[in-house]
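Peer 1: Residue numbers (the working numbering), protein chains in the order written: chain P, 2 to 368; chain Z, 2 to 368; chain G, 2 to 368; chain H, 25 to 128; chain D, 25 to 128; chain F, 25 to 128.
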Ligand SMILES: Nc1ncnc2c1ncn2[C@@H]1O[C@H](COP(=O)(O)O)[C@@H](O)[C@H]1O
Ligand SMILES: Nc1ncnc2c1ncn2[C@@H]1O[C@H](COP(=O)(O)O)[C@@H](O)[C@H]1O
Ligand SMILES: Nc1ncnc2c1ncn2[C@@H]1O[C@H](COP(=O)(O)O)[C@@H](O)[C@H]1O
Ligand code: NA
Ligand code: NA
Ligand code: NA
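1) Between residue 48/G and chain H, is any beta-carbon pair separated by less than 7 Å?
2) In three-state DSSP terms, what is residue 358/Z?
3) Strictly under 7 Å for the Cβ-Cβ distance: is residue 210/P near chain G by that measure?
4) In the DSSP output, what is residue 118/F paired with across the bridge?
5) Any chance the CB of residue 108/G is under 6 Å from a heavy atom of ligand 7?
6) Taking all protein chains shown into account, do 16 or more other C-beta atoms lie within 10 angstroms of the C-beta of residue 49/P, making it buried, or fewer, making it exposed?
7) Helix, strand or coil for residue 38/D, going by three-state DSSP, please let me know.
8) Does the Cβ of residue 55/D lie closer than 6 Å to at least one heavy atom of ligand 3?
9) Using a threshold of 6 Å, is the CB atom of residue 120/Z nearer than that to any non-hydrogen atom of ligand 6?
10) Hey, is residue 246/P close to ligand 1, as in C-beta under 6 Å from one of its heavy atoms?
11) Strictly under 7 Å for the Cβ-Cβ distance: is residue 234/Z near chain P by that measure?
12) How is the alpha helix (DSSP H) around residue 196/P delimited, first residue to last?
13) Is residue 131/G near ligand 6, going by C-beta to nearest heavy atom under 6 Å?
14) Please report the residue range of the alpha helix (DSSP H) in which residue 186/P lies.
15) Quick one, which residues of the region 54–80 of chain Z are near chain G if we go by CB-CB under 7 Å, in chain order?
16) Leaving out five residues before and five after residue 57/H in sequence, what residues of the same chain have Cβ atoms less than 8 Å from its Cβ?
17) Compare the C-beta of residue 103/F with all C-beta atoms of chain H and state if any pair is closer than 7 Å.
18) Who are the neighbours of residue 222/G on chain Z, taking C-beta pairs under 7 Å?
19) What did DSSP end up calling residue 202/P once you bin it into helix, strand or coil?
20) Please return the same chain residues whose Cβ sits closer than 6 Å to the Cβ of residue 60/H, not counting the five positions on each side in sequence.
21) Just curious, the alpha helix (DSSP H) that residue 86/P is in, first and last residue?
22) For the 8 Å Cβ check, are there 3 or more pairs between the region 51–65 of chain G and the region 154–168 of chain G?
23) So, is residue 359/Z buried or exposed, given that buried needs 16 or more other C-beta atoms within 10 angstroms?
24) Determine the contact status of residue 172/Z and residue 122/Z, defining contact as a CB-CB distance below 7 Å.
25) Are the CB atoms of residue 177/Z and residue 204/Z within a distance shorter than 7 Å?
26) In chain order, what residues of the region 314–338 of chain G put their CB closer than 8 Å to some CB of chain H?
27) Any heavy atom of ligand 5 closer than 6 Å to the CB of residue 338/Z?
28) Just the Cα atoms here: how many angstroms apart are residue 271/P and residue 252/G?
29) Is there at least one non-hydrogen atom of ligand 5 closer than 6 Å to the beta-carbon of residue 134/Z?
30) Closer than 9 Å, Cβ to Cβ, to anything on chain P: give me those residues from the region 233–254 of chain G, in chain order.
31) Helix or strand or just coil, what does DSSP make of residue 126/P?
32) Use the C-beta contact count for residue 353/P: other C-beta atoms within 10 angstroms, 16 or more gives buried, fewer gives exposed.
33) Out of 43/D, 34/D and 121/D, which one is the CA nearest neighbour of residue 98/F?
34) When you compare the CB of residue 168/G with every CB in chain P, is at least one pair closer than 7 Å?
35) Give me the chain P residues within the contact set of residue 190/G, using Cβ-Cβ distance strictly less than 9 Å, ordered along the chain.
36) Which bits of chain D does residue 56/H rub up against, with CB to CB less than 8 Å?
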């Protein structure tokens, strides 16, 4: 707890009362909408042992729809952007994304290993989660800025796609390199042959995994069909996938309900993971989010864009990262990483992070 | 059959020819629409051993959507009602609902035990089903009155939520109390320890079950977001959940198709359950429905409201009640209760009950 | 390969350069839209061992929706047609459909057995697939002609329903009759009792199978509710099921993505099935398609109607046929029929066939 | 706790024939059966049809007396082994109140 | 490869009681359990409630020492056999590092 | 009915490793395998990742000759027992036309 409090003090110093009030207002505007409220309902339900059961096939189906939708709308908007400005507005944010995708797993690893004193495997495993991103956090952040009438730049979905892989790859490579010696020692000691490493396999699976394939694939499809189809024929696809539409927002409610059910279960593990990881799950995103908002602003993102950018950079993966980490760093304890990503950072971002990034972006000067 | 005919005579006496014609017209208007027709298709399909298979995950997903939608729209309308009239219009219907929720399991038990001569466990088990309610019957009744241009009062979904639990609880308590002696005797006789009772567990599961959590939770969410969100941001959620919309009506067709498939299978059990239970499954709803329409009218419900109220009070639960009864009264034969609820009362209400309650409500004077 | 090339030469002779250019334009207009692109994405994903997994329950759910939608819209349009012209415009196309439904399994069998030299069981098994039809090919062809502003005649869904069964039945009867002797010989030789035939069972299952029950059932429901409901009450059902709507087009994308994933897997079997079957899978549809377009034109179908008619007659079943063939002709190798239907004919029709049939129909004189 | 020695017959194969096998087993003397959806791979799995086309793999289990077990396995072996992807085996089990799974 | 002889207890029945059975088995000494969703048909399957009403069939398996196996089967037999559709049996298994599935 | 005595190897554990185990078993001599999705609870289930994150429990079964069974169990024991939630056991089965499940 001391760690948490000490770490929070600088924040208080930075904020004026007026800024603080504005953040509270943003919070209220964000929290009292169906999407976060469904998340809260899910948590409440689990805590009282309530009986909501979302079939996992529905959950997977919604995930597929959301990823396709994010990709398709991204491709659609990108086509308009491309027709209007070529690649001139895009390459800087893309570079900033790549840079942050490589930086955040390293900062995460260093903090976890040397401030938190976690083992190599645990540090690298958690860093892989925080180096990647969460498409649902993107969806919620995007809904938020659309409701504040400051829609994000059109190419943000492209950035989500870019952000997905590098962080996982770098963290796993760090973990594999540093823990190789430990493993060799253990193998020698037990006299059994060293276990086969599944690093290559796992990395390939991340790169060709569902999130990337669906987002990048539909991005291309959205781009191509915007370029070549007449608008009337395009319309039903647009209506189906569009992120402001009833389908996207509606199924997002159901998805967050299920996320709440799972996060609620993991809440019990908060005690097990200890105060350091709780503080990490809140403060690391704030730090990464601030950095992202700042770099995003420099790269030319607008107010909504900086907010969403901060949200995706700060968010932690809980879909692509866990199996990759489980396969390559099996000695890492998955309870630590899943709890941090799903029961601390995700709810924090959904409830508090997004409005805070919005105010950060404003404060930095994004418009 | 004699029972059935004898019981039907008073009805004939009450109805004038003109009323009878009106009922037939209502029936036609109700029956020749996609929702009941899909139910009929399901029955036909099962009877000819046709091969429609709705994945149970689709069925559960639609159930979740319907419950969320009923809750959300209920909360939304309640917020408008509350802003306009405070709680002044709601407390009477709420009280009437609570009263009927406690009365109907008792009337059902008494009729089953003393008129039908069923065992304590079977009587209490069936009474638990008829004391609760069926959200799908609500949805179909609501669609019906919306199509007759007499939409129900806005707070009807709240009443569905209130009606869900008490009936099950009361019937199970009756059953547990009265069958405790029998069980003790049997245990003594076999010389084995008495089986553990699962009453508390089952009651808790009913109260925190999926139907209640989703309906009550989304009711709160619909209420809060109507109060605090600007209408433009609220619109996509409204479009997604609204009960007049294409999603609600459309998926209701698929749901009723599956209900028809299951009811068709249970039709074979009609012979097993015997004529008394068939008569019970038709006449008890008519009696409860009439009482509900009358009390609803006294409590200030409009024409559509009285119709829907009669439908929900008269309907029998086939989702929350069966597992609760199975756990607490295992010696009750589930074939009896499921057949009555699903293969008699549900189809009767969908096809004939709802238009009859509509005419009842008119006759009583509801507008 | 020689077979393929030899067979393709006549086509080149028939086409003028201008026609060829028009076909290319049609191809582009067809290929660069989301539906075929999703199919391509699925194939690419499988080939690079990418990780998209569509839950099979989602796939089945979409199939149910598509079949219901095709039936419902068919019934709706049929009601309008019926009110305007009675049955005068419909009986000729219906007869043509029945005729082709009986002819195509025979032509397919003859070509497979005597040109390709396949076994009796394999020839009959594949013929059963090509004698039936693929509802998804219908859906894609229908989307194509709607986008070219030449919508098909309203009763096409009725024709899909008519086409479903006869082809399978005839091919299975041919196979059963001709292979009975072989089986008896084998039984005598091994000294074991002859295996029970499941022909009757399988035929009944085809006729009362999911595709027929849903399409024919919803056709009736669409017809009845168009006749008896007021348009306002009908609207939400229309919006939900309509084939130009966002739901139909959108879920068709997801469906084709999954089809692509499966077809991609089967691509590996192309080598196993050999050049003859590859040529068959392309040329037989072209021949059947041309015949269908021609007969359809004679029977009075419009340009869109002839195109869609050619697509459905030429398409091969991969849902109803496989289990029926597996049960009645177990010695037939399912790899051959599934690969031909799913990895050759389906993609060929989706990508190239439909625009070619469109140009054929134009050339024949359909308007 | 009185236990009865019986046989557990396990059959795994193409799901298109599994409901038939279950019912044929019941006709040959099994008082019940249990079906599980599984995924499988075997020597003839090339014959197995992709999931999208509705065909998959399933497992059927029968708890039966020895003679019924032999009847079921013989039937399956004659009717299905040549043309379908299917594997079948037998093991020993001790069944609670096992007499009720023996038909007279 | 050192293997420990233990017992495999398999219980198949109405899924409404299967989670309870799993937990009661754990209380009686099982260190874990495995649950599978199945479809079943038996002599009392008329008592089995249709899939739509939320009730189905499930299988629970426990790997346990012999004495725990008997305790579990006795408990199930007393508590559930009269009123529920359920079958239970025992078989012999050889378990890798089996000592960890024996509670002290 | 001629039956061949073989071994049934059953492995239950985190599904993230189950496809690998199935393929490694095939490499060690199994002619096929059967995978079932299950739900499980065990001593290390805390290590098991929630359903939403894509990880669950699965069961793999191999019907194999005794020597292959030992190879598979030894491999699993070395490669997976330390770091993953997994249990594995062996039982005796009598297989129809069992010779085809023995690789030369
Ligand atoms: N050796 C084996 N061990 C376990 N299951 C097997 C084995 N061989 C085949 N199977 C199962 O039986 C099905 C049919 O096998 P097959 O006839 O060899 O293609 C496969 O899909 C597997 O599920
Ligand atoms: N002889 C049997 N062999 C295999 N499974 C059985 C057998 N009898 C019953 N079962 C299973 O046990 C469940 C309950 O059986 P019962 O109590 O006989 O209705 C059924 O649904 C089947 O899944
Ligand atoms: N005693 C047991 N009996 C049956 N299944 C078990 C047992 N112990 C563990 N399992 C299964 O093996 C998985 C891993 O177990 P563990 O390694 O003990 O966490 C669990 O999820 C269960 O499915
Ligand atoms: Na991140
Ligand atoms: Na009721
Ligand atoms: Na055809």
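Ideal placement from N, C-alpha and C gives every residue a C-beta, glycine not left out.
Peer 2: On the basis of the supplied data:
1) no
2) helix
3) yes
4) 114/H and 29/F
5) No copy of ligand 7 appears in this structure; the ligands present are ligand 1, ligand 2, ligand 3, ligand 4, ligand 5 and ligand 6.
6) exposed
7) strand
8) yes
9) no
10) no
11) yes
12) Taken as a continuous stretch (DSSP letters only), residue 196/P belongs to no alpha helix (DSSP H), as it is neither H nor E.
13) yes
14) 167–191
15) 54, 55, 56, 58 and 59
16) 46, 49, 50, 84, 85 and 86
17) no
18) 35, 38, 39 and 42
19) helix
20) 83
21) 57–86
22) no
23) buried
24) no
25) no
26) 319, 320, 323, 324, 327, 328, 331, 332, 334, 335 and 336
27) no
28) 40 Å
29) yes
30) 245, 246, 247, 248, 249, 250, 251, 252 and 254
31) helix
32) buried
33) 121/D
34) no
35) Within 9 Å Cβ-Cβ: nothing; residue 190/G doesn't reach chain P, min ~48 Å.
36) 64, 65, 66, 67, 69 and 111
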